[in-house]
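Sequence order for the protein chains is A and B. Our numbering numbers the first residue of the first sequence as 228 and each following residue consecutively. Our numbering numbers the first residue of the second sequence as 228 and each following residue consecutively.
Protein chains: 2
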Amino acid sequence: MSALNEGWFTEVFQDQGTAFSLKVKKKLHEEQTEYQKLEIYETETFGNLMVLDGCVMLTGRDNFLYHEMMTHPALFTHRSPRKVVVVGGGDCGTLREVLKHPDIEEAWQVEIDERVTRMSEKYFPELCESNEDPRANFFFGDGIQWIRDADPDSIDLIIIDSTDPVGPAEGLFALDFYRDCMLALREGGIIVQQSESPLLHAETIIKDIHTDMKKAGLDHVVTLPFPQPVYPTGWWSCTMASKENPLHYFREEDAAERPFVTRYYNEAIHNAALAQPQFMRDIFED
Amino acid sequence: MSALNEGWFTEVFQDQGTAFSLKVKKKLHEEQTEYQKLEIYETETFGNLMVLDGCVMLTGRDNFLYHEMMTHPALFTHRSPRKVVVVGGGDCGTLREVLKHPDIEEAWQVEIDERVTRMSEKYFPELCESNEDPRANFFFGDGIQWIRDADPDSIDLIIIDSTDPVGPAEGLFALDFYRDCMLALREGGIIVQQSESPLLHAETIIKDIHTDMKKAGLDHVVTLPFPQPVYPTGWWSCTMASKENPLHYFREEDAAERPFVTRYYNEAIHNAALAQPQFMRDIFED
Numbered sequence: 228m229s230a231l232n233e234g235w236f237t238e239v240f241q242d243q244g245t246a247f248s249l250k251v252k253k254k255l256h257e258e259q260t261e262y263q264k265l266e267i268y269e270t271e272t273f274g275n276l277m278v279l280d281g282c283v284m285l286t287g288r289d290n291f292l293y294h295e296m297m298t299h300p301a302l303f304t305h306r307s308p309r310k311v312v313v314v315g316g317g318d319c320g321t322l323r324e325v326l327k328h329p330d331i332e333e334a335w336q337v338e339i340d341e342r343v344t345r346m347s348e349k350y351f352p353e354l355c356e357s358n359e360d361p362r363a364n365f366f367f368g369d370g371i372q373w374i375r376d377a378d379p380d381s382i383d384l385i386i387i388d389s390t391d392p393v394g395p396a397e398g399l400f401a402l403d404f405y406r407d408c409m410l411a412l413r414e415g416g417i418i419v420q421q422s423e424s425p426l427l428h429a430e431t432i433i434k435d436i437h438t439d440m441k442k443a444g445l446d447h448v449v450t451l452p453f454p455q456p457v458y459p460t461g462w463w464s465c466t467m468a469s470k471e472n473p474l475h476y477f478r479e480e481d482a483a484e485r486p487f488v489t490r491y492y493n494e495a496i497h498n499a500a501l502a503q504p505q506f507m508r509d510i511f512e513d
Numbered sequence: 228m229s230a231l232n233e234g235w236f237t238e239v240f241q242d243q244g245t246a247f248s249l250k251v252k253k254k255l256h257e258e259q260t261e262y263q264k265l266e267i268y269e270t271e272t273f274g275n276l277m278v279l280d281g282c283v284m285l286t287g288r289d290n291f292l293y294h295e296m297m298t299h300p301a302l303f304t305h306r307s308p309r310k311v312v313v314v315g316g317g318d319c320g321t322l323r324e325v326l327k328h329p330d331i332e333e334a335w336q337v338e339i340d341e342r343v344t345r346m347s348e349k350y351f352p353e354l355c356e357s358n359e360d361p362r363a364n365f366f367f368g369d370g371i372q373w374i375r376d377a378d379p380d381s382i383d384l385i386i387i388d389s390t391d392p393v394g395p396a397e398g399l400f401a402l403d404f405y406r407d408c409m410l411a412l413r414e415g416g417i418i419v420q421q422s423e424s425p426l427l428h429a430e431t432i433i434k435d436i437h438t439d440m441k442k443a444g445l446d447h448v449v450t451l452p453f454p455q456p457v458y459p460t461g462w463w464s465c466t467m468a469s470k471e472n473p474l475h476y477f478r479e480e481d482a483a484e485r486p487f488v489t490r491y492y493n494e495a496i497h498n499a500a501l502a503q504p505q506f507m508r509d510i511f512e513d
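Have a look at this one:
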C-alpha cells in the first residue's frame, strides 16, 4: 500500500481516493523526532524530497511555487512590513523568501520541530541560505503559545506555514489562534495561511478558515490558488486576511521592480492569484 | 508497475519519474479500437475515468477545468466567432463548451477514433449533451487531412484537443499543420492547442509550439496555464495563437455576462490565465 514498487515513494490519500508517487534513487535519512517521523529521499527527477509522517512536504524542484506564494503576495499587499513571523516553516524556505525583501527588519521562524530545520540545512541548503542573515531569528517550540505570548501590536505579518490541519497543526486552523494573531498584529497587519486544495477543500477547510478568520475580526479574507505538483490534486492555496487593509491593495510597482529573483511570482501572477475560479466565487462571494 | 495494488488505476510517467493513481471501483469497459486501447473505469472519488493507451484522458470530476479553458478564453478573445472546428476532442466536452456560446453557428468535431465518442456518449453523457444540437457536426477521420481540405478563409477558431505529441497526435504539433490551419482560418481567426505542463514542458514542447506557430505566420502566441489534477504535475496549459488579433483583446463584458454556467472560467480567470509565471516570462518574453 505504501509503495508502487521498489524504487518509488508513494503517498496514498485514502480519503481522496488518489495517490502520488516519485521515483527515488535512495533514502538519505530517516528518524523519529520528538514530534513526527522525518524522512529524506533523493528522487530521480524532483531533487531531494522531505516527508513527515508519510506526507510529502516538499521537493527541491517545485517548492519555489509554494514558498513564493506564501510570502510575496502578502508582503506586497502590506503597506510597509517590518516584522514577520513564520509559524511552522521549519524547512526555512518561507523565511528565505521573506528576507529577500530589504525593508524587513526582523523575521522569526517559530517551528515546533528543530530536527526539520537541522535536516533542511543538510539536505536543502538552498532553502537555508538566509539562516545566517542578522535579521533571522529562530525559536523552536509551540507556535500557538509563542503567538499568545507575543507583545500586542508588534507584528506586521504572520505566515502560518504548517502541515495539514490534523495532529500537531490542528490548533493553527482555529478561532482561538486567529484571535491571538489579531492581538499580536500591528495596525495594517496581515495573516497568511496555507489552506489546502481548492478542488478538494473549498467547501470544508477553506470555508472554515474564512468563517473563523472573520469571527476573529479579520474582515478581509481572500484565498489565492496556485499550482503545487507534489500536493494532492497539484493545486494548492493560501488564504490571506487582514484587519483593515482591503486585500486588493497592492504595491504593484514595488513588486514589478523587486530587487530579487523569483521563479513563479511577479506582479502579474499576484493579480492572477486574486482571481477566483467561478466555483469559489459561488462559495465565497455570495 | 502499472498498478499500485489491486483496486487502483496507476499511470506511470517513466520519463518524469512520477506516477498518479486513482482508486477504482470497477472497470466498466475495455477494447482495442482501430487506433488505441480504450478503457473506462468507475473511480471511488473522481467519477468515471477514460484511459487511452494507458494515459489518463479525463475524469468526470475535474474535466471542467480543461474543457472550459480550451474554449472560453479563445471564444471571448475572438471578436465574432461563428464557425469552430475541434480537432480531436472525441469525448465531446470541448464541443459542448463551444456550443454554450449562442453566436456560434456551426461547430465541427473532427476525431479520428469514433469509438471514443461512442463510449463517451455511454459513460460521460453529461459531456455529450450538446451532440444533438443542430449546429453540431461530426467527422470521424484524420484531422490533419480535414484541415488541409477545408475551404480557405472559412473557420474562425480551430481547437486542437489532442493527446500528447507522440503517436497519432504528433502531426498536430507540427509546422505543416499550423500552416494548413492558417490557410483555413478567416481574418481574425484563432488557434488554441492543449500544450502540456508548464513545469515539465515550458522549454521543450511549449517552446517548440511557439516557434512553429510563429514560423507559420501566427504572430501572436500566448500560453495560458491552468490546474488539471489528473494530468502530470496537476498543472496544464493551452496555447492560443492568432494571425492578426493581439491576444490581450478580450470581450470582457460578454464574458462577465455569459448566458451559461461555468465552474472554473469567468472574466477574472480569463485575465489571470494570461499572466505568465516568471520562469515563463524569462523563456517567452525575452
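Note that beta-carbon positions come from the ideal geometry of N, C-alpha and C, so glycine has one too. All values reported here derive from a predicted model rather than from experimental measurement.
Whether residue i touches residue j by CB criterion (8 Å)
i	j	result
B/Pro456	A/Trp235	no
A/Asp439	A/Tyr405	yes
B/Cys324	B/Glu295	Position check: residue 324 of chain B holds Glu in this sequence, whereas Cys was assumed. Yes, the pair counts as a contact, with Cβ atoms nearer than the cut-off.
A/Asn364	A/Trp335	yes
B/Gln503	B/Glu494	no
A/Lys442	A/Asp383	no
B/Val313	B/Ile374	no
A/Asp318	A/Leu276	no
A/Pro300	A/Met467	yes
B/Met507	B/Asp388	no
A/Glu471	A/Gly398	no
B/Pro395	B/Ile339	yes
A/Thr489	B/Gln372	no
A/Lys434	A/Ile510	yes
A/His256	A/Tyr350	yes
B/Ala411	B/Ser381	yes
B/Ser422	B/Leu445	no
Chain B residues whose Cβ lies nearer than 9 Å to that of residue i
i	result
A/Ala246	Leu231, Trp235, Thr237, Ala246, Phe247, Ser248, Leu249, Lys250
Nearest candidate by alpha-carbon position, reference residue i, set the options
i	options	result
A/Pro379	A/Gly398, A/Val488, A/Arg413	A/Arg413
B/Ile432	B/Thr450, B/Leu445, B/Asp509	B/Thr450
A/Thr270	B/Gly315, B/Asp403, B/Glu257, B/Gln241	B/Gln241
B/Ala401	B/Gly370, B/Cys319, B/Phe303	B/Gly370
A/Asp280	A/Ile496, A/Cys465, A/Pro300, A/Lys264	A/Lys264
A/Thr219	A/Glu479, A/Glu258, A/Met284	Examination of residue 219 of chain A is not possible in this model, given that chain A is present from 228 through 513 alone.
B/Ser357	B/Ile374, B/Thr321, B/Phe303	B/Thr321
B/Gln243	A/Gly244, A/His497, A/Lys250, A/Thr245	A/Lys250
B/Asp376	B/Val337, B/Tyr476, B/Lys349	B/Val337
A/Tyr262	A/Glu479, A/Met409, A/Phe367	A/Phe367
A/Thr304	A/Ile418, A/Ile510, A/His428	A/Ile418
B/Val278	B/Arg306, B/Phe247, B/Ser469	B/Phe247
Per-residue DSSP class, three states only, for residue i
i	result
B/Ala230	Residue placement at B/Ala230 cannot be trusted, given a pLDDT of 47 that sits under 50; what the coordinates show is reported in the next sentence. Here B/Ala230 sits in coil by DSSP.
B/Gly317	coil
A/Val407	The sequence shown places Asp at residue 407 of chain A, rather than the Val named in the question. Helix at A/Asp407.
A/Met467	strand
A/Glu261	coil
B/Val343	helix
B/Tyr350	helix
B/Gly281	coil
A/Glu359	coil
Own chain partners of residue i with C-beta closer than 8 Å, once the 5 adjacent residues on each side are dropped
i	result
A/Leu426	Thr460, Trp462
B/Ala230	Bear in mind that the predicted position of B/Ala230 carries a pLDDT of just 47, short of 50, making it unreliable; the figure below should be weighed with that in mind. Taken in chain order, the residues that qualify are Phe236, Thr237.
A/Pro329	Pro486
B/Tyr476	Thr304, Arg306
B/Glu332	Arg309, Lys310, Arg362
B/His497	His299, Pro300, Phe303, Phe477, Glu479, Ala482
Within chain B, the residues that residue i reaches when beta carbons sit closer than 8 Å
i	result
A/Glu271	Gly244
A/Asn498	Asn498, Ala499, Ala502
A/Leu354	Ordered by position in chain B, no residue passes the 8 Å Cβ test against A/Leu354, which lies about 18 Å from the chain.
Interface residues of chain A facing residue i [CB-CB closer than 8 Å]
i	result
B/Arg342	Chain A residues near B/Arg342: none, gap ~27 Å exceeds 8 Å.
Residue i: contacting residues in chain A (beta-carbon distance under 7 Å)
i	result
B/Ala495	Ala502, Gln503
B/Val426	It is worth fixing the name first, because residue 426 of chain B is Leu in this sequence and not Val. Per Cβ cutoff of 7 Å: Asp289, Pro456.
Chain-order list of residues whose beta-carbon lies under 6 Å from that of residue i (same chain, five-residue window excluded)
i	result
B/Pro452	Pro425, Ser464
B/Asp360	Leu326
A/Glu258	Leu265
B/Thr390	Ala396
B/Arg288	Phe273, Gly274
Within chain B, partners of residue i - CB distance below 7 Å
i	result
A/Arg490	Gln505, Phe506
A/Thr460	Pro456, Gly461
Contacting residues, own chain, Cβ-Cβ under 7 Å from residue i (five flanking each side not counted)
i	result
A/Leu474	Thr304, His447, Val449, Met467
A/Asp407	Ile374, Arg375
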